[in-house]
Amino acid sequence: VGEAQCYEEPHLKRTLNTGGDSLAEAFVQVVYAMYGYMTDTDKADIFLFNFCTEFLVVKTIEMIEFDATNFKIKAIGRGETFDKAKHGQGTEVKAITYSNMQIHQDPATGKCDIYVIVDI
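Read in the working numbering, the sequence shown has 288 at position 80, and its numbers run on one by one without any break.
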């Protein structure tokens, strides 16, 4: 399982650096890292997920389909409705940026590291 780290950057940007045993797993870890930044994951059942206007705390993310060649991803997030009293609210992430986005995959092992900056 990959691991997520957050770094502080100037101008209200935060860096998410994740990794995994595959590109698909590293993508999942980026989602966990971003929502982990948005809520106190020690109090949350896992992570906060915003889909349209519904707020959920995601317990699991299951990658159903990952086709990097054709740019197709299908995933399922399972969780519960966000409850401010139960989950605690962290900093809102306004957007993921393309600024300095990096994906490094080892061709021999398939392991992958991802570096993403988010605007807060």
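Here a beta-carbon is modelled for each residue, glycine too, at the ideal position from N, C-alpha and C.
| Item | Value |
| --- | --- |
| Can you name the residues that DSSP bridges to D321? | G227 and H312 |
| Of the residues A293, D275, I269 and F290, which one's Cα is nearest the Cα of A283? | I269 |
| Tell me whether Q310 is buried or exposed, calling it buried when 16 or more other Cβ atoms sit within 10 Å of its Cβ. | exposed |
| Of all the options T223, D229 and V326, which has the alpha carbon lying nearest to the alpha carbon of G318? | D229 |
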